[in-house]
Amino acid sequence: MSSSRCSFWASLLAVCAATLLALAGCASLPAERDAARSALTPEVGERPFLAVLPLQNLSATIAPLAEIRAELIEALAEAGCDAVGDKELELFMAHQRLRNVGGINGPLAIKLGVATGAQAVLITTLELYAEQYPPRIALLSRLVSLEEDPEILWMDSVALAGDETPGLLGLGLIRDPAFLRQKALTRLAASLADRLAGFELPARVPGKFRPRLAYGTQHLEREGKSRVVVAPFFNHSDRKYGGEIVALHFLAALHRTGRFALAEPGVVHADLLRYRVIMEEGVSLSQAELLFATLKTDFIFSGKLFDYQDPKEGRGTPVVDFSATMLAQEDQGVVWISKSYNAGTDGVYFFDWGRHATAGAMAAAMTRAVAGLLAR
Amino acid sequence: MRFVKLLVLSAVLALVASCIGTPLTYHDQNMDFSGVQTVAVLPFTNLSGQRNVEERVRDVFMNMLLATGGVYVLPTGEVARGISRAQATTGGGATPSVEEIQKLGSVLGADAVITGVVKEYGEVRSGTAAANVISISLQLLEVQSGRIVWVGSTTKGGITTKDRLLGGGGQPMNKITEEAVSELIQMLFLG
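Heads up: the protein sequence lines correspond to chains A and B, in order.
Counting in my numbering, the first sequence runs from 607 upward without gaps.
Counting in my numbering, the second sequence runs from 58 upward without gaps.
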């Protein structure tokens, strides 16, 4: 008798505690940070239905893009998301003559939603791919809403190398590129699933990735979210598509802070094409004025890339060197500058502890450090 | 004997003094530098033999100059547009003429333009020792008259006694670039 009474009180307490915890958890999620989840799960228990676009290849190498996409869809299914069928998506792309798979503009986003019934589109960029030992892969992925003004709901990156964590007696080395690919895609899918579940992505960055120089004016302080356009960086490095890659890393980093409303690159790309904007050595003030007016943005974020080196066949150290500039609509001028450079061996003293094996992982951390300062 | 010792000592001192890079600077005494609010940094000339270093140094200089808060530095995209509109000759060993400077100033709305030359950039070797070195010189030209009102030149890095004795390869290139640029900015503001 007494044991049943005890168990009754214990279960009542457990239920109360669980309810309180759930309420506290819900309260700690700001409304805008929960937008991704509410936009994608209108009814409890329903699985998000996504259109997974073919991969944009910025790796400047030949890569099995279709295979990676199929594996990504599998990983997403395991993480609780369904994808639009290949045939249906191919038909839509052919009908709309959709060739730029690196972004989506407003009219296309609406049409995609209507034609396929998808709730959002997943745009994935392959940044690095190598099958020779040590295998390497780097991906950037973002989930974009299918609205007139497409909103980035989630964005993250992953960069892995087979030799980055050799462990004891080399037991941690990964020689199979398929296994490394699987690991990267699972990590990306898990990050998306976490975001959809309402968890925030970790924002802490090691101190060594802080910019070497950062300067901003007081005009950055605003109420609410500032709308930011990230323009491609001017590429002085030897890395093909380096400017686009760093711009995407900045997009991911700024989105992670939750302080900025970011324009979808597909929308920016469409406007740059429509107004025939060619940026020589960066954004000029007249071009900035045009972008401020057409994209209704508060800030334009851009910069220059000087180094974006990945080790070749496991030899060498990754190096990333860039400077970032932000132009403000109010001031019609520069309100933020920063300079960042790091090598993969920075801060490494014992047994390669803390070494970075890919430029992608470093760029993600470095851009996050800049975005953290900007958001502060 | 004592005279010989003194002679040797003074020769050593003179040698040491000659090894220390002395920054060179010139300020036009008639120029009111407080009137310079907006500057355009033109593409630098690269005499180092290495690719793209002029853009690296220019970028560091522009960022550090803007970060002082003393002057507003026009963004590179705007400067490129101005050069194109003014049809000015810059970089690649060419310096703009007085007319071009004046035209650039009016197109860009700048009070002064800065031109620069990267004379050395990269690794130098001496025997078994190696270290990074940078040598830059800059000029500030006032746009109304097209006159040179400030000149600064500096060299940083190079092989030190420590490098010769212990090795090590000197300081990283980015670090000595920042040191050199910082010194030039100090020269510009402090005179």
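Ideal placement from N, C-alpha and C gives every residue a C-beta, glycine not left out.
- DSSP, reduced to helix, strand and coil, places residue 835 of chain A within a strand of the structure shown.
- In the displayed model, residue 246 of chain B falls within a helix according to three-state DSSP.
- Interface criterion not met: the Cβ of residue 108 of chain B is under 7 Å from no Cβ in chain A.
- Take the alpha-carbon of residue 159 of chain B and the one of residue 887 of chain A: they are about 22 Å apart.
- Between residue 846 of chain A and residue 925 of chain A, the alpha-carbon positions lie close to 15 Å from each other.
- Note on geometry: alpha-carbon atoms of residue 81 of chain B and residue 93 of chain B lie some 22 Å from one another.
- Close CB contacts of residue 757 of chain A within its chain, under the 6 Å cut and outside five residues either way in sequence, are with 751 (chain order).
- Excluding its 5 nearest sequence neighbours in each direction, residue 876 of chain A has C-beta neighbours in its own chain below 6 Å: 711, listed in chain order.
- When C-alpha distances from residue 734 of chain A are compared across A:767, A:706, A:809, A:726, the shortest belongs to A:767.
- Excluding its 5 nearest sequence neighbours in each direction, residue 851 of chain A has C-beta neighbours in its own chain below 6 Å: 664, 733, listed in chain order.
- Annotation for residue 136 of chain B: no beta strand (DSSP E) segment contains it, though the alpha helix (DSSP H) segment containing it runs 133-143.
- Chain B has a Cβ within less than 7 Å of the Cβ of residue 819 of chain A.
- With fewer than 16 other Cβ atoms inside 10 Å of its own Cβ, residue 921 of chain A counts as exposed.
- Residue B:208 holds the alpha-carbon nearest to the alpha-carbon of residue 169 of chain B among B:208, B:243, B:215.
- With a cutoff of 7 Å on beta-carbon distance, residue 656 of chain A and residue 687 of chain A are scored as near each other.
- One finds nothing in chain A with a Cβ atom closer than 9 Å to the Cβ of residue 214 of chain B; even the nearest lies about 16 Å away.
- For residue 946 of chain A, the closest Cβ of chain B is not nearer than 7 Å.
- Within the DSSP secondary-structure output, residue 197 of chain B pairs in a beta bridge with B:171, B:207.
- Interface criterion met: the Cβ of residue 888 of chain A is under 7 Å from a Cβ in chain B.
- A Cβ of chain B is located within less than 7 Å of the beta carbon of residue 943 of chain A.
- Taking a contact to require three or more Cβ pairs closer than 8 Å, the segment 164-183 of chain B and the segment 95-105 of chain B qualify as touching.
- Residue 796 of chain A has its alpha-carbon roughly 12 Å from the corresponding atom of residue 788 of chain A.
- Interface annotation, residue 842 of chain A: in contact with chain B, CB-CB separation under 7 Å.
- Annotated three-state conformation of residue 180 of chain B is strand, per DSSP.
- Closest by C-alpha distance to residue 898 of chain A, out of A:835, A:866, A:708, is A:835.
- Around the beta carbon of residue 182 of chain B, fewer than 16 other beta carbons lie within 10 angstroms, which makes this residue exposed.
- Out of A:940, A:831, A:763, the CA that lies nearest to the CA of residue 794 of chain A is found in A:763.
- Put simply, of A:961, A:754, A:944, A:690 the residue whose alpha carbon is nearest the alpha carbon of residue 125 of chain B is A:944.
- Across the segment 912-942 of chain A, CB contacts with chain B closer than 8 Å involve 912, 927, 929, 931, 933, 939, 940, in sequence order along the chain.
- Here the C-alpha atom of residue 719 of chain A lies approximately 52 Å from the C-alpha atom of residue 955 of chain A.
- The DSSP-derived three-state label of residue 220 of chain B is helix.
- Counting C-beta pairs with one atom in each stretch, the segment 665-678 of chain A and the segment 809-822 of chain A have fewer than three that are closer than 8 Å, which means they do not touch.
- In the DSSP assignment, residue 657 of chain A falls outside any alpha helix (DSSP H) and within the unbroken beta strand (DSSP E) covering 655-658.
- Distance from the CA of residue 840 of chain A to the CA of residue 127 of chain B, rounded to the nearest whole angstrom, comes to 26 Å.
- Residue 837 of chain A sits away from residue 890 of chain A, with the two beta carbons spaced by 7 Å or more.
- Under a 10 Å Cβ-count criterion, residue 770 of chain A is classified as buried, with 16 or more other Cβ atoms of the shown protein chains found around its own Cβ.
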